[in-house]
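The numbering of the sequence shown is our numbering, which starts it at 6 and goes up by one. Beta carbons: idealized from backbone N, C-alpha and C, even for Gly. Have a look at the structure below, then the notes.
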Amino acid sequence: MSDTPTAEKAAPGTTLGHLIDGAVVTSQRTFESRNSSDLQDVVGVFPEATREQVRAACEAAKRAFPAWSKTPAPIRGELIGSIGKALEREKEALSRLVTREMGKTLKEARGSVQEAIDTCHFFQSEGRRLYGQTVPSEMPNKELLTYRRPLGVVAIVTAGNFPIAVPSWKIIPALLTGNTIVWKPSEDAPAVAYAFARLMEEAGLPAGVLNVVFGQGKDAAGEYLVDMMDEGLIDKFAFTGSTRVGRHIGEVAGRNLIHPTLELGGKNPLVILRDADLDNAVEGAIFSAFGTGGQRCTSAGNILVDAPIYDAFKERFLERVRSLKIGDPNKHPEVLYGPFINRRFFERWEEHYQWGREDGATLLHGEGRITADSRPAGFVGDPEAAYYGWPTVWEGVRPGMRQFQEEIFGPTINLVKVDGIADAIRTANAVDYGLSSAIYTDSREWAYAFKDGIEAGMTSINNTTVGAEAHMPFGGVKGSGNGTRESGIWVIEFYTRWHAVNDDISGKLQLAQMETAYVEPKPPVAVEELF
Ligand code: UN1
Numbered sequence: 006m007s008d009t010p011t012a013e014k015a016a017p018g019t020t021l022g023h024l025i026d027g028a029v030v031t032s033q034r035t036f037e038s039r040n041s042s043d044l045q046d047v048v049g050v051f052p053e054a055t056r057e058q059v060r061a062a063c064e065a066a067k068r069a070f071p072a073w074s075k076t077p078a079p080i081r082g083e084l085i086g087s088i089g090k091a092l093e094r095e096k097e098a099l100s101r102l103v104t105r106e107m108g109k110t111l112k113e114a115r116g117s118v119q120e121a122i123d124t125c126h127f128f129q130s131e132g133r134r135l136y137g138q139t140v141p142s143e144m145p146n147k148e149l150l151t152y153r154r155p156l157g158v159v160a161i162v163t164a165g166n167f168p169i170a171v172p173s174w175k176i177i178p179a180l181l182t183g184n185t186i187v188w189k190p191s192e193d194a195p196a197v198a199y200a201f202a203r204l205m206e207e208a209g210l211p212a213g214v215l216n217v218v219f220g221q222g223k224d225a226a227g228e229y230l231v232d233m234m235d236e237g238l239i240d241k242f243a244f245t246g247s248t249r250v251g252r253h254i255g256e257v258a259g260r261n262l263i264h265p266t267l268e269l270g271g272k273n274p275l276v277i278l279r280d281a282d283l284d285n286a287v288e289g290a291i292f293s294a295f296g297t298g299g300q301r302c303t304s305a306g307n308i309l310v311d312a313p314i315y316d317a318f319k320e321r322f323l324e325r326v327r328s329l330k331i332g333d334p335n336k337h338p339e340v341l342y343g344p345f346i347n348r349r350f351f352e353r354w355e356e357h358y359q360w361g362r363e364d365g366a367t368l369l370h371g372e373g374r375i376t377a378d379s380r381p382a383g384f385v386g387d388p389e390a391a392y393y394g395w396p397t398v399w400e401g402v403r404p405g406m407r408q409f410q411e412e413i414f415g416p417t418i419n420l421v422k423v424d425g426i427a428d429a430i431r432t433a434n435a436v437d438y439g440l441s442s443a444i445y446t447d448s449r450e451w452a453y454a455f456k457d458g459i460e461a462g463m464t465s466i467n468n469t470t471v472g473a474e475a476h477m478p479f480g481g482v483k484g485s486g487n488g489t490r491e492s493g494i495w496v497i498e499f500y501t502r503w504h505a506v507n508d509d510i511s512g513k514l515q516l517a518q519m520e521t522a523y524v525e526p527k528p529p530v531a532v533e534e535l536f
């Protein structure tokens with residue numbers, strides 16, 4: 006280990022660089038990444054990529070593709086294994102950086118780094134498996150084979166709420182299958198992205214295989230990368246973020262005949278039926294609604310509670326909400342959630358109070374932004390150091406109301422009364438999204454009816470809407486995506502194309518379908534006439 010070069014710590018205020026073709030590249034314009042829990046604390050200064058730099062990154066990835074795609078898959082797999090080892094070694098420091106930069110708790114941050122490590126473990130061995138098939142031919146002396154081929158240059162744009170786990174779901178399988186990459190990480194978490202990229206470089210990636218360009222999305226690096234599809238420099242686009250941006254990426258990809266991976270929003274239902282274990286359901290509902298301050302695409306959006314237990318659930322749920330610990334997760338490890346990741350999310354969440362009032366929902370708990378004069382009992386620390394939101398609970402919310410339909414991405418939840426399993430399924434499906442879903446019940450029939458009838462990519466029975474494991478297919482239906490899946494064996498389908506090969510050694514022209522030597526059947530046998 007002693008001869009391993011260690012990363013130098015950037016002096017405060019030093020602008021870090023993009024990674025393009027193995028070189029560190031800076032830009033004239035820069036932006037700061039700040040500690041989400043303490044806006045005075047600058048985590049790092051990052052370059053704002055120009056269109057030319059984004060193009061140069063794509064061209065570097067294109068140049069690196071032939072050699073990387075010809076590197077044997079087991080060798081690429083071993084390199085992925087080295088990334089996993091580097092992540093394991095740096096897990097604690099990386100987790101602290103995740104907490105500092107985007108504001109989730111350390112427990113969650115460690116979980117999210119572990120998710121990236123698990124992804125590396127999974128794909129390390131996948132490098133020894135990328136199976137094709139041998140298929141019998143209908144002609145003699147001819148063999149049919151299928152191969153998985155890489156796609157080429159993959160453009161990746163990711164969100165700030167899972168700044169290492171979700172990028173790893175894209176980057177690791179893309180690399181393993183032989184593609185090269187241009188990654189534009191979230192402007193909310195560039196420091197985590199930078200550290201992750203450095204660890205991937207450490208594992209020995211050749212220059213140009215992974216390029217990272219920093220910057221904002223709109224009218225900036227993110228949009229330039231989308232434009233590169235029209236310049237013919239990109240073969241695959243993978244995006245996690247809003248449905249609105251996802252639709253735009255899908256349109257540009259479509260006219261370029263690119264099949265993008267789009268992991269978009271959610272408004273995830275959590276159903277609690279009359280026979281549920283209420284203690285378990287309350288705990289699950291609290292974490293689904295308020296874990297990560299509601300800033301997961303898998304967070305619960307509506308809690309659908311069966312009429313006979315509505316009042317009992319509401320009382321217990323509110324009791325837990327009143328005592329929630331909230332504050333700076335860097336200083337107070339016991340908090341359930343920290344600040345908003347950025348001001349935009351905060352403002353959007355604040356606006357939903359207006360929607361609730363206009364649509365006639367009833368506010369049960371919450372007073373908007375947490376300030377010195379308006380702080381919940383469980384708040385610890387300085388509320389003015391960042392954007393913190395009251396845990397907010399509504400009732401009287403019905404399908405059709407904005408807050409029922411739209412993803413809000415903050416600490417807020419709607420309690421919706423339903424009557425039995427059929428009404429629960431109907432109400433759960435009354436949103437334009439379909440990412441995750443959950444039901445609490447002891448009835449096998451009701452659980453079965455739910456998993457059979459719910460329109461969602463993921464369903465938990467007696468567990469939360471969050472917490473998908475790293476080797477299961479992740480993705481949604483309806484407005485939550487375009488049917489692509491990430492993780493496990495399923496993701497491989499979206500970073501490779503099938504190549505069908507037929508290998509004829511007969512030495513003559515053999516025409517399938519036209520000259521196939523089917524056996525002629527003999528005259529029919531009528532069993533009745535036999536005896
Ligand atoms: C996201 O919010 O984009 O299932 C991903 C979960 C996490 C991933 C969330 N494993 O909640």
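Per DSSP, the bridge partner or partners of W503: Partner(s): R153.
Range of the contiguous beta strand (DSSP E) that encloses L267: That run of the beta strand (DSSP E) goes 266 to 268.
Residue range of the alpha helix (DSSP H) that includes E93: That run of the alpha helix (DSSP H) goes 78 to 94.
Sub-7 Å separation of L230 and K189 beta-carbons: yes
Length of the line joining the Cα atoms of N307 and E53: 38 Å
Helix, strand or coil at Q45 [DSSP, three-state]: strand
Near ligand 1: A473 beta-carbon under 6 Å from a heavy atom: yes
Length of the line joining the Cα atoms of M6 and A208: Because the pLDDT at M6 is just 37, under 50, the model does not fix this residue reliably, and the value given afterwards should be weighed accordingly. Cα-Cα distance, rounded: 13 Å.
Per-residue burial, D240 [other beta carbons within 10 Å of its own, 16 or more giving buried]: buried
CB contact flag (V159, N184, <7 Å): yes
As assigned by DSSP and simplified to three states, the class of W360: W360: helix per DSSP, three-state reduction.
Beta carbon of T297 nearer than 7 Å to that of K109: yes
Segment limits, beta strand (DSSP E) that includes N40: 35 to 40
Distance, R133 Cα to Y152 Cα: 14 Å
Burial state of M537 (16 or more Cβ within 10 Å): This structure gives no information on residue 537, because the portion of the chain shown stretches from 6 to 536.
G386 and G299 closer than 7 Å at C-beta: no
Residues bridged to P141 [DSSP beta-bridge criterion]: Listed as beta-bridge partners of P141 by DSSP are E148.
L329, DSSP secondary structure in three states: coil
Under 7 Å between C-beta atoms of S465 and N273: no
Alpha-carbon to alpha-carbon, E64 and W395: Between W395 and E64, the C-alpha separation is close to 47 Å.
For N285, the three-state DSSP class (helix, strand or coil): helix
Closer than 6 Å: T489 CB and nearest ligand 1 heavy atom: No, the beta carbon of T489 sits no closer than 6 Å to any heavy atom of ligand 1.
N-terminal and C-terminal residue of the alpha helix (DSSP H) that I418 is part of: No alpha helix (DSSP H) holds I418; the beta strand (DSSP E) holding it covers 417 to 423.
Residue from N419, R407, Y393 with nearest C-alpha to G401: N419
Residue range of the beta strand (DSSP E) that includes M463: 463 to 466
Any non-hydrogen atom of ligand 1 within 6 Å of F201 CB: No, ligand 1 has no heavy atom inside 6 Å of this Cβ.
Span separating the alpha-carbon of T248 from that of V47: 30 Å
R301: CB within 6 Å of a non-hydrogen atom of ligand 1: yes
Assigned secondary structure, A473 (DSSP; H/G/I helix, E/B strand, else coil): coil
Minimum C-alpha distance to M205 - residue among P265, E95, G458: With distances taken between CA atoms, M205 lies nearest to E95 out of P265, E95, G458.
Distance, P79 Cα to G165 Cα: 31 Å
Interface flag, E64 vs chain B, CB-CB below 7 Å: Protein chain content of the structure displayed is limited to a single chain, and chain B is not contained in it.
Where V496 falls, given that 16 or more other Cβ within 10 Å makes a residue buried: Classification for V496: buried.
Close-in-space but distant-in-sequence residues of the same chain around P195 (CB under 6 Å, 5 per side omitted): S38, F51, F219
Environment of H504 [buried if 16+ CB atoms lie within 10 Å]: Exposed is the call here.
Cut-off 6 Å between Cβ atoms - residues of its own chain near N347, not counting five sequence neighbours on either side: D193.
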